[in-house]
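A.B. asks: Structure below; questions to follow.
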Amino acid sequence: MSTLTKNPNVNKWVDEMIALCKPDKVVWIDGSKAQLDGLRNEAIATGEMIKLNEEKLPGCLYHRTLPNDVARVEDRTFICSRKKEDAGPTNNWCDPKEMYAKLTPMYDGVMKGRTMYIIPYSMGPIGSPLAKVGVEVTDSIYVVLNMAIMTRMGADAFKNLGDVSDDFVRGLHSKADVDPEKRYIVQFPEDNTIWSINSAYGGNVLLGKKCFALRIASYQGKNEGWMAEHMLILGIEKPNGEIKYVTAAFPSACGKTNLAMLIPPEGYTKRGYKVWTVGDDIAWLKPGEDGRLYAINPENGFFGVAPGTNEKSNYNALASTRKNTIFTNVAINNDDMTVWWEKLDKNPPVNATEWKGEKVNGPEYVAAGNKLAHPNSRFTAPAENCPCISPEFNNPNGVPISAIIFGGRRAKTAPLVYQSFNWQHGTFVGSIMASETTAAATGAVGVVRRDPMAMLPFCGYHMGDYWAHWLEMGKILGDKAPKIFNVNWFRTDDNGDFIWPGYGDNMRVLDWIIDRCEGTVDAVETPIGYEPKPEDINVEGLDGITTETVADLLSVDKNLWKEEAKGIEEFYKKFGEKLPKEMSDELKALEARLA
Ligand code: OXD
Ligand code: MN
């Protein structure tokens, strides 16, 4: 039995996992500095982690995964609810009995000759009424060291659970043989359980993140009256010192981390505006005592995509990675043991090791069309490193949310910004979220992928029931509900170039959103929602963007939207009986407004 907790539910489950995996050694992670330092040194000694330049990148480590193990694997990710209809048409499903029967032999004895680490962790600030406890057992030091950054890890998490509660998420991970053919990322929502095997890559193995904080938590939220969403959280401080908080959901690779850490344009900073980051990926939302919706970031760090991050695109993210950070699958500069990735700067290191471990001449390698860092290479950085981390980051009660923003990457259809007519219509707006693939990514431009609320790969139950839960939450919140908006930074001109500058200038759109929440600016009613008057988007100090450009960015092409409505109808068919009537009513109402 553990010295860290007397909780019989934890101890019984851990005993079962030990009996199944048969490790040579068991280590309970207390989270102490001495223990973590020991594990770091052990990982450096075995070569699992590489120590980086202690002066330039103090406390930073490097790790490389196998080339077959570099991303989340949606086709091998399962929601194993007892009834298939509870997983819904957007998830892979398997009967839980069948899945346990299939995986149990794979875990049997898998840790022979290895150490099992038992990681207690809290998603959310310890002691927060919104926080939840998880325990992950793993045979990977890399997982332990990442969880130490991404969660509140260690003995305190057990204190939060107490001696009797059964309310913790049981996560079992083994890298096994890292065999992609036998890779499974499985959620059993009804059992509070996650089983992950044959991967050692972040999103598949840091079980607190996507598996727990989104897939399991979305299911818990439905049953317990709260919401787990794929959303950033940021605070906008106005010159009078008042801070308004918003959340935003965008599909992966649409700039959530950049928006979460944006630096406002000079005209705003001079007037005293400031942006504070609460979270860059996940929000847990629950009505507070005053009836408003409050959000916490359940994570304690950022697991960000490295390529594209630089001083201009995201100064604050880059600054967050300058100490106590783990880099995965980026390139190494062997001259000074620092790291490099595409678009960090224009100078790939000459004496480089590319992400697979081959020593190369960086400039020549890049000139030949190769990538030094894997496109999905990552940094795992402590939130406390972020220069603009919100003073409310650890507030156990979370921050009150004024607006919820949805968005995607659309070349023509969606305008720069619009506001939904009300919560129900806003739920509809979230449900029809979509992104178009870009030429850079696939070659086929403009293929629409629907990604409702950016939750397509992360909703732990039937998407139709999920929308019903959104509608239900709207009823509970009533007139205290946040206002719902949609943004699109990615409209293109006839040459296919982006019209809107994006990045820090997105502040100009946030400014209008906040004014709408405060009721200090009018809007124009269009068939799809309320839009700004073009002159109400501040373009002062922008190069080449006038109020006329804004008018163009706000234009709604009825023919494109009629096509869009057809696409939505097609998409909605998937959900059959489970599509809430309110959603099909909203679609009909949109069609009527477009006619
Ligand atoms: C992520 C993702 O890693 O959404 O955050 O894929
Ligand atoms: Mn994400």
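Per the working numbering, residue -16 is the first one in the sequence shown, and the count goes up by one each step. Note that beta-carbon positions come from the ideal geometry of N, C-alpha and C, so glycine has one too. In this text, all values refer to a predicted model and were calculated from it rather than measured experimentally.
1) Out of curiosity, what's the CA-to-CA distance linking glutamate 173 and cysteine 4?
2) If distances are taken between C-alpha atoms only, which option among Arg305, Asn241, Lys329 comes closest to asparagine 36?
3) Restricting to Cα atoms, I'd like to know which of Leu301, Lys342, Glu341 is closest to glycine 287.
4) At which residue ranges does the stretch 13 to 88 contain complete beta strand (DSSP E) runs of 3 or more residues, listed in the order of the chain?
5) Go through its chain and collect everything with a Cβ distance to arginine 432's Cβ below 6 Å, but skip five positions before and after it.
6) Can you pull the DSSP bridge partners for glutamate 634?
7) Quick check on DSSP: helix, strand or coil for leucine 573?
8) Of the choices Asp477, Ala464, Phe481, Pro465, whose alpha-carbon is the least far from that of proline 471?
9) For a test of your reading of the model: does the CB of aspartate 264 fall under 6 Å from any non-hydrogen atom of the ligand MN? Yes or no.
10) Report buried or exposed for alanine 356, applying the criterion of at least 16 other Cβ atoms within 10 angstroms of its Cβ.
11) Specify the secondary structure class of lysine 8 as computed by DSSP and reduced to three states.
12) May I ask you to check if the CB of glycine 291 is nearer than 6 Å to at least one heavy atom of the ligand OXD?
13) Buried or exposed for arginine 590, going by 16 or more other Cβ atoms inside 10 Å?
14) How many angstroms separate the CA atom of glycine 42 from the CA atom of glycine 185?
15) In chain order, what residues of the same chain lie with their CB nearer than 8 Å to the CB of glycine 318, ignoring the 5 residues before and after it?
16) Does any heavy atom of the ligand OXD sit closer than 6 Å to the C-beta of serine 123?
17) Just to confirm, does glycine 595 get its C-beta within under 6 Å of one of the non-hydrogen atoms of the ligand OXD?
18) Relative to the ligand OXD, is the shortest distance from any of its heavy atoms to the C-beta of serine 613 smaller than 6 Å?
19) Can you check whether the CB of leucine 439 is closer than 7 Å to the CB of threonine 60?
20) For arginine 23, count neighbouring C-beta atoms within 10 Å of its own C-beta (all shown protein chains included) and say buried if the count is 16 or more, exposed if not.
21) Once DSSP output is grouped into helix, strand and coil, what is the label at alanine 266?
22) The ligand OXD and glycine 186: does any heavy atom of the ligand fall closer than 6 Å to the residue's C-beta?
23) Would you call glycine 110 buried or exposed, if buried means 16 or more other Cβ atoms sit within 10 Å of its Cβ?
24) Whole alpha helix (DSSP H) runs in the stretch 246 to 320 with 4 or more residues, listed along the chain?
25) For alanine 424, is the classification buried or exposed, using 16 other Cβ atoms within 10 angstroms of its Cβ as the cut-off for buried?
26) If you drop the 5 nearest sequence neighbours on each side, which residues of the same chain put their C-beta closer than 6 Å to that of tyrosine 100?
27) For serine 201, which residues from the same chain have a beta carbon less than 6 Å from its beta carbon, with the 5 sequence-adjacent residues on both sides left out?
28) Which same chain residues end up closer than 8 Å to phenylalanine 404 when comparing Cβ atoms and leaving out the 5 residues on each side of it in sequence?
29) Identify every residue that forms a DSSP beta bridge with glycine 390.
30) Tell me which residues share the same chain as asparagine 143 and place their Cβ nearer than 8 Å to its Cβ, disregarding the 5 neighbours each side in the sequence.
31) Is the stretch 391 to 405 in contact with the stretch 487 to 501, if contact means three or more CB pairs nearer than 8 Å?
32) At what residues does the alpha helix (DSSP H) containing phenylalanine 195 begin and finish?
33) Out of Pro50, Val169, Arg135, Gln18, state which residue places its alpha-carbon closest to the alpha-carbon of glutamate 81.
34) Given a threshold of 16 other Cβ atoms within 10 Å of its Cβ, counted over all protein chains shown, does alanine 580 qualify as buried or as exposed?
C.D. replies: Here's the rundown:
1) On the sequence shown, position 190 is the one that residue 173 refers to. On the sequence shown, position 21 is the one that residue 4 refers to. Going from the Cα of glutamate 173 to the Cα of cysteine 4 covers about 23 Å.
2) The residue labelled residue 36 in the question sits at position 53 within the sequence shown. Among Arg305, Asn241, Lys329, the Cα nearest to that of asparagine 36 is on Arg305.
3) On the sequence shown, position 304 is the one that residue 287 refers to. Considering only alpha carbons, the answer is Leu301.
4) 44 to 46, 60 to 62
5) Here residue 432 is taken as the residue at index 449 of the sequence shown, counted from 1. Contacts found: Ser418.
6) Summary: the structure shown does not reach residue 634, with the chain confined to residues -16 through 578, and so no result is reported for it.
7) Within the sequence shown, the letter at position 590 stands for residue 573. Helix, per DSSP.
8) Translated into the one-based positions of the sequence shown, residue 471 becomes position 488. Checking the displayed sequence, the identity of residue 471 turns out to be asparagine instead of proline. Taking only the C-alpha atoms, the option nearest asparagine 471 is Phe481.
9) By 1-based counting over the sequence shown, the position of residue 264 is 281. Answer for aspartate 264: yes, Cβ within range of the ligand MN.
10) The residue labelled residue 356 in the question sits at position 373 within the sequence shown. Buried, by the Cβ-count rule.
11) Stepping through the sequence shown from its first residue, residue 8 is reached at position 25. Three-state DSSP puts lysine 8 in a strand.
12) Position 308 of the sequence shown holds residue 291. Checking every heavy atom of the ligand OXD against the Cβ of glycine 291, none is found closer than 6 Å.
13) Given that the chain is displayed from residue -16 to residue 578, the structure contains no residue 590 and the question cannot be resolved.
14) As a working mapping, residue 42 is identified with position 59 in the sequence shown. As a working mapping, residue 185 is identified with position 202 in the sequence shown. One C-alpha to the other measures close to 19 Å.
15) Reading the sequence shown from its first residue, position 335 is the one you call residue 318. According to the sequence shown, residue 318 is aspartate rather than glycine. Pro332, Val333, Asn334, listed in sequence order.
16) Along the sequence shown, read from residue 1 onward, the residue named residue 123 stands at position 140. It does not: the Cβ of serine 123 is nowhere closer than 6 Å to a heavy atom of the ligand OXD.
17) The question about residue 595 has no answer here: the residues shown for the chain are numbered -16 through 578.
18) Absent from the model: residue 613. The displayed extent of the chain is -16 to 578, so no value can be given.
19) Numbered from 1 along the sequence shown, position 77 holds the residue referred to as residue 60. Numbered from 1 along the sequence shown, position 456 holds the residue referred to as residue 439. Result no, Cβ atoms of threonine 60 and leucine 439 do not sit closer than 7 Å.
20) Along the sequence shown, one-based indexing puts residue 23 at 40. Classification of arginine 23: buried, given that the 10 Å Cβ count is 16 or more.
21) Taking the sequence shown and counting its residues from 1, one reaches residue 266 at position 283. Strand, per DSSP.
22) Indexing the sequence shown from 1 puts residue 186 at position 203. Yes - the ligand OXD has a heavy atom lying nearer than 6 Å to the Cβ of glycine 186.
23) As a position in the sequence shown, residue 110 is number 127, starting the count at 1. Its Cβ having fewer than 16 others within 10 Å, glycine 110 is exposed.
24) 249 to 254, 294 to 303
25) Along the sequence shown, read from residue 1 onward, the residue named residue 424 stands at position 441. Residue placement at alanine 424 is poorly supported in this model, since its pLDDT is 48, which falls under 50; the coordinates still yield a value, given next. Answer is exposed; the Cβ neighbour count stays below 16.
26) Indexing the sequence shown from 1 puts residue 100 at position 117. For tyrosine 100, where only same-chain residues beyond five positions count, the Cβ hits under 6 Å are Val10, Ile12, Thr121, Val127.
27) If you number the sequence shown from 1, residue 201 lands on position 218. Answer for serine 201: Ala211, Cys442, Gly443, listed in chain order.
28) Position 421 of the sequence shown, counted from the start, is the residue given in the question as residue 404. Only Gly512, Tyr513 meet the Cβ criterion.
29) Taking the sequence shown and counting its residues from 1, one reaches residue 390 at position 407. According to DSSP, glycine 390 bridges with Val470.
30) Residue numbering aside, residue 143 sits at position 160 when the sequence shown is read from its first letter. Excluding positions up to five away in sequence, the list reads Ser105, Ile109, Gly110, Ala114, Val116.
31) yes
32) Numbered from 1 along the sequence shown, position 212 holds the residue referred to as residue 195. Premise fails: phenylalanine 195 is in no alpha helix (DSSP H) and is neither H nor E.
33) For this step, residue 81 is matched to residue 98 along the sequence shown. It is Val169.
34) This structure cannot settle anything about residue 580, because the visible part of the chain is limited to -16 through 578.
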